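Enquirer:
Numbering (our numbering), first residue to last: 1 to 178.
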């Protein structure tokens, strides 16, 4: 019984010291595991492409997320001049599609290759982009303001579905529905 009491008293008196020793031992062990993992990654060069690609995707995603200011500029251009705003929105949307890396030869194929979970209104987006392309070639058009707002809200909804913008402009979408 005396030995157990002395051991217990020793651990009780030196608890913070023992805790610090265990902490530093686990820290050194974790760092060694990390260094060993890095050694294996460098040794197997074929797997390093995954990590480089992952960091590039994160970089591109942040670049798109930082484009909120650019989207705000597109919205300002749209409010000043509807036709120029549609063209600017189309260019912004195509840049987002390019940055996200959707595969395809042309814009139509890239949009069709987007999964339905990410972009449920593909057909509407394709129609809107075709209409805006026609407007670029022939600026004079007989489009009504409601039709222009419908085209704008379609591309805006696509950007919302792709998580580029945080929320839709409900003023534009509510005007279209009225």
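Cβ coordinates follow ideal geometry from the N, Cα and C atoms, glycine included.
Remember, predicted model here, so these are calculated numbers, not experimental data.
If I follow the unbroken alpha helix (DSSP H) through residue 47, where does it start and stop?
Expert: Position 47 of the chain shown, counted from the start, is the residue given in the question as residue 47. Element bounds for residue 47: n/a, residue is neither H nor E.
Enquirer: Looking only at its own chain, which residues have a Cβ that is under 7 Å from the Cβ of residue 63, when we skip the five neighbours before and after it?
Expert: The residue given as residue 63 occupies position 63 in the chain shown. 99.
Enquirer: Nearest-angstrom Cα distance between residue 84 and residue 41?
Expert: Taking the first residue of the chain shown as position 1, residue 84 is located at position 84. Taking the first residue of the chain shown as position 1, residue 41 is located at position 41. If you take the alpha carbons of residue 84 and residue 41, they lie about 49 Å apart.
Enquirer: My output table needs one value for residue 179: the three-state DSSP class, helix, strand or coil.
Expert: The structure shown does not extend to residue 179, since the chain is modelled only from 1 to 178, so the question has no answer here.
Enquirer: When you compare the region 69 to 76 with the region 85 to 96, are there three or more beta-carbon pairs, one atom per stretch, that lie closer than 8 Å?
Expert: Segments in contact, yes.
Enquirer: From the DSSP output, in three-state form, read off residue 176 for me.
Expert: Residue 176 sits at position 176 when you count from the first residue of the chain shown. The pLDDT assigned to residue 176 is 40, lower than 50, so where the model puts this residue is not dependable; a value taken from the coordinates is nonetheless given after this. Looking at residue 176 - three-state DSSP - the assignment turns out to be helix.
Enquirer: DSSP three-state label for residue 117, please.
Expert: Translated into the one-based positions of the chain shown, residue 117 becomes position 117. Looking at residue 117 - three-state DSSP - the assignment turns out to be coil, as it is neither helix nor strand.
Enquirer: Would the beta-carbon of residue 111 fall within 8 Å of that of residue 127?
Expert: Residue mapping note: residue 111 aligns to position 111 of the chain shown, counting from 1. Residue mapping note: residue 127 aligns to position 127 of the chain shown, counting from 1. Going by C-beta atoms, residue 111 is not nearer than 8 Å to residue 127.
Enquirer: Return helix, strand or coil for residue 101, following the three-state DSSP convention.
Expert: In the chain shown, residue 101 corresponds to position 101, counting from 1. Coil at residue 101, not helix or strand.
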